[in-house]
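These notes are about the structure you will find just below.
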Amino acid sequence: MMKKIKKCKDESLFARNLTFLKKRSTEIWQLVDAADRSRKAEASTGGELPLEERIKKSKLLFYGSENPVEMVRNFIEGWKFEPFDTIFLIGLGLGYLPMEAFKQEIGSPRMIVIEPSIQVFLDAMACIDLDELLKNPRIDLFVGEDIRIADIINQFRHTISLGKNPIIVHPMYNVVFEKAVESLLNELKERLSEVINQWFTIREHGKRMYSNTITNLPSLFAGIPMRRLRGKFKGVPAICVSAGPSLDEAIDELKQIQYRALIIACDSAVNALMNSGITPHVIVTVDIFQTNIHKLKPYVDDLRETVLIFGLESNPDNIRFFLSPKRVAVSSFSKLMSFWLAPQLDLQSCIPQMSSVSHLSLHAALAMGADPIIMVGMDLGYVDGKNHSFGSVFFDSVQESPFSIYGNNGCELSTAIQFIGDKLVIEQITRQHATQFINTSIKGAYIPGTTIKNMVEVIDTEVAEAVNVNSILDSVDWTCAADETRAASELNILCQLLKGARDSCRKNRGKLSEAIHTAQACGGGNLDANFYRNAEKEFHAFEKQNFVYTSMNMELVLDDAEEIFRLREVYRARQLMMKKDASKDQVDLLVRQYDVIERGFDFQIQQIEGLILYLKEVSTLKKGEQRQAAGRSADSRLAMCYHRQGELWRVYREYMNCIEKEPYQLSPYVELIQILIDSKLWLSAQRLLTKAGSMFGVLPEIKRLKQSLADDLYAIFSEIKKEWGLNNFHSTRRLLAEYMTLRPHDSQGIELKEKMYKLDRQSIVQWKVERIGTETQTAMPERLNQVKAYVKEKELEKGIGVLEGMYQDFIENRATIREQIGDIRMMQKDYRSAMWNYKQALKIDPLKLALTNKIERVKAIQETG
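Numbers in our numbering are just positions in the sequence shown, counted from 1, shifted up by 267.
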């Protein structure tokens, strides 16, 4: 009889909770109701434990023999949070933990409960009264195996970044749901990191990024959409080159590639590549700051056929000074791109999150269909005491960093916090794509999901196929994404819609302000909870109606909006936990939010209207409405129009068109050379001046320009000597790189370059000496044991990484090491790599019969398919 009463009590409790759940979330209610019906059907056939037994088993599973309430109180002891913090709780248990947390007054944070098991949730519904959980608006509940972390993060993206975001796993869930919890933890960390990084980037630099975007839009319109490059290099190997220290060791191999693989260079690697005679097919740039131009400026004259893929928010000088017309804009931040330009112009130019130029290089390679993607110089740490390759203008020797990560060679790698974040993004990229990623940095960071190979093997095995990258690039349609008339039209439509949204915002703010003023005059009686609910409802209707435009606005006003979002969470928590009416404060916040949004609209409209005027002027000149019969005057006016906007690449092209039409006219030469000198594009000015000199001799204008250029070069070298004397090695290195492109045989420049190289080498030697004093090289037997442990744990790539490191350190054992790498490749069924390693081992030790047998075995496997 008692069992029957207990069963009825549990079932009535379940029914009561189910009623509350239906009011809270119809979606979860439907899921739970279906699961309950299924469970009852199983119970009727004897395939399910009785309810009482099941609850008892669940309590024992999650709380053991302890009192659940006491256990969770001990677990949450010391928790203190702010209302704008967000707790992610993986696992509901039987519901005690989240409810007890709010009873203990932990600070009223938002709590997002993620319960991966519908069966556990059913037990919780039948075990205790969940009234306080299901009615608490500070607790958000997600249940079931089909939970999408990305959707959860997107739903709360405007609150997540306001405070702390601890991820807490319910006791025993790591044991009971090990794989599910691990998967949820990893994805939560990745998604949180992505949203928070993006939030802080936009908050700190939103207005700069938007201004950069508007300035770069003419290059987007005049370039091609990413759509035309997508899949164009399907199955073609791409080599993504960063400026990490290991680039120095890869230069000789990179020289052999020519057109057999697509070389995508990060802007910071251009110096090292160009000085070694390697011209990349594609350059990527994404940095929003002006100092970044020094990476590219000295070399733009030799890159006039290279493709530039640029982040739309990049420093405009990098884009406008790049002389090649082959350009493609992409973005992972800009709502103007994702919500308007990309769909209207069919650009397909939106890419996933990127926080560094290395990420853009990988995304670009993926978008173009390249496979494999070979990572060169992506060390993500300080290798041999260097932060960059010797060829980079940003090279420096480094002191020990407080941060370290696991290296490919099995050793700890000193690194920086920025590199750790970059590494997490690259790991996410490799997980999300079936493309093979090859990491050639043996001393660099270990990146799960990549294949570790040395550069010699890569050249022999991955880029040996007959591929002509240049011919593929030549086949691309390079006509513009949108001419100026179409671009101006699209922007004008957007501008009118933004004005409509702004006017609506202004009207709502005015109405609300007037209501507040009236209420205050009457003693504030009308500002009750009902008044706020109506005002909030109207605000949400405004947001919904203008979602696209307010989203574009957010990157401009996030700094101001963040304070409003934070205060709103505080007021909501205060109203819930202290039962205090915060309606007046909430209404004031709505007025402030309308005001912030309106100011953002004003800024956008002003920027876009300025650009529309420029585009219309260009369109008018291009259509020939003001052209004269001879053509020269019109060409000059168009060039000057570009020049006022700072679009140097288009100025250059326009003047070169004039020169091609009328090669014996002096004025286009003189005007363009002066512009190039003023823009400090010395090499372009010098080459064009040489051509003008051969055409026109020593005319006064040519002589004046030559003297002007000589004076500027003298000033550069004087500045170099000054910076060198002050021990400012960064600026000396940058200026010297620029000077040597112009005067490669200058004895003083060569002498100073050798001095700097000597100092750099000395600092590296000193770094190694200090390391030897504090560390001892791990002996070969110990390293082999490390390899064996990895093989036993089936972490085969880690084992190969250690062996590749040993190959560099133990010269006398290289044949054996190559053979062992071949053996592991056989385990992975990577027969091409196994064959290469066995053959390399045989070259070193030609008398080893076992190697011949292994090679024959691989051949037999390959022949039989």
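We put the beta carbon where it would ideally sit given N, CA and C, even for glycine.
Burial state of residue i, where buried means 16 or more other Cβ atoms lie within 10 Å
| i | result |
| --- | --- |
| arginine 1085 | buried |
| methionine 1094 | exposed |
| valine 551 | buried |
| leucine 955 | buried |
| alanine 257 | Shown here, the chain extends from 268 to 1132; a query on residue 257 therefore has no answer. |
| isoleucine 560 | buried |
| glycine 498 | exposed |
| threonine 480 | buried |
| glutamine 695 | buried |
| tyrosine 440 | buried |
| glutamine 787 | exposed |
| lysine 690 | buried |
| arginine 291 | buried |
| isoleucine 760 | exposed |
| isoleucine 1017 | exposed |
| lysine 1079 | Per the sequence presented here, residue 1079 reads as glutamate, with lysine not at that position. Label assigned to glutamate 1079: exposed. |
| valine 442 | exposed |
| proline 299 | The sequence as given places valine at residue 299; proline does not occur at that position. Valine 299 is buried by the Cβ-count criterion. |
| cysteine 789 | exposed |
| proline 335 | buried |
Cα-Cα separation, residue i to residue j
| i | j | result |
| --- | --- | --- |
| leucine 397 | lysine 289 | 13 Å |
| leucine 857 | lysine 431 | 24 Å |
| valine 918 | arginine 594 | 16 Å |
| leucine 629 | aspartate 554 | 16 Å |
| leucine 905 | aspartate 945 | 19 Å |
| glutamine 1015 | serine 659 | 20 Å |
| threonine 482 | isoleucine 354 | 40 Å |
| isoleucine 416 | leucine 455 | 7 Å |
| lysine 720 | serine 1100 | 9 Å |
| arginine 1081 | tyrosine 649 | 26 Å |
| leucine 740 | methionine 722 | 25 Å |
| lysine 323 | glycine 674 | 48 Å |
| lysine 402 | leucine 408 | 11 Å |
Contact set for residue i: own chain, Cβ-Cβ below 6 Å, skip 5 residues either direction
| i | result |
| --- | --- |
| lysine 653 | Pro512 |
| leucine 825 | Ile469, Arg470, Gly473 |
| leucine 285 | none |
Same chain, Cβ closer than 7 Å to residue i, five either side skipped, listed in chain order
| i | result |
| --- | --- |
| tyrosine 936 | Ile926, Leu955, Ala959 |
| glutamine 611 | Glu757 |
| leucine 764 | Tyr816 |
| glutamine 1053 | Gly677, Val1069 |
| glycine 266 | No answer is possible for residue 266: the residues shown for the chain start at 268 and end at 1132. |
For residue i, the nearest candidate out of the options (CA to CA)
| i | options | result |
| --- | --- | --- |
| alanine 637 | Val549, Ser1014, Ser659 | Val549 |
| lysine 501 | Thr1119, Arg1000, Met635 | Met635 |
| isoleucine 705 | Glu729, Ala786, Asp689 | Glu729 |
| aspartate 862 | Glu829, Arg773, Ile872, Glu876 | Arg773 |
| leucine 389 | Asn479, Tyr440, Ile295, Asp352 | Ile295 |
| tyrosine 566 | Leu614, Trp949, Thr957 | Trp949 |
| phenylalanine 351 | Ile406, Val442, Ser622, Pro639 | Ile406 |
| glutamate 319 | Phe355, Leu280, Leu285 | Leu280 |
| glutamine 860 | Ile831, Pro433, Leu878 | Ile831 |
| alanine 301 | Ile385, Phe369, Arg340 | Ile385 |
| lysine 947 | Gly1072, Ala977, Cys678 | Ala977 |
| lysine 804 | Ala828, Met819, Leu779, Val736 | Leu779 |
| glutamate 836 | Ser375, Gln297, Arg321, Pro317 | Ser375 |
| threonine 1008 | Met541, Ala1056, Arg475 | Met541 |
| aspartate 418 | Arg458, Gly767, Ala393 | Arg458 |
| leucine 356 | Glu1018, Tyr673, Pro383 | Pro383 |
| arginine 1000 | Pro1011, Ile987, Asp727 | Ile987 |
Same chain only: Cβ atoms within 8 Å of residue i, ignoring 5 sequence neighbours per side
| i | result |
| --- | --- |
| methionine 1102 | Gly1089, Ile1122, Val1125, Lys1126, Gln1129 |
| alanine 489 | Pro592, Arg594, Cys747, Ala748, Arg917 |
| aspartate 613 | Pro492, Arg494 |
| alanine 896 | Per-residue confidence for alanine 896 stands at a pLDDT of 45, beneath the threshold of 50, marking its modelled position as unreliable; the derived number appears in the next sentence. Closer than 8 Å at the Cβ level, and outside the excluded window around alanine 896, lies no residue. |
| alanine 1098 | A quick correction: the sequence has tyrosine, not alanine, at residue 1098. These residues qualify, in order along the chain: Arg1092, Val1125, Ile1128, Gln1129. |
| valine 643 | Ile506, Cys507, Val508, Ser509, Ser513, Leu514, Ala517, Leu521, Thr707, Ser708, Met722 |
query: Counting Cβ pairs closer than 8 Å, one from the stretch 417–430 and one from the stretch 359–375, do we hit at least three?
result: No: fewer than three Cβ pairs fall under 8 Å.
- prompt: At a cut of 8 Å, does the stretch 594–603 reach the stretch 571–583 through at least three beta carbon pairs?
  reply: Judged by Cβ distances under 8 Å, the stretch 594–603 makes contact with the stretch 571–583, as three or more pairs qualify.
query: Pairing CB atoms from the stretch 507–524 with CB atoms from the stretch 704–723, are three or more of them under 8 Å?
result: With a cut-off of 8 Å, the stretch 704–723 and the stretch 507–524 count as touching, because enough Cβ pairs lie within range.
Inter-stretch contact (C-beta, 8 Å, three-pair minimum) for the stretch 618–626 and the stretch 514–521: Taking a contact to require three or more Cβ pairs closer than 8 Å, the stretch 618–626 and the stretch 514–521 do not qualify as touching.
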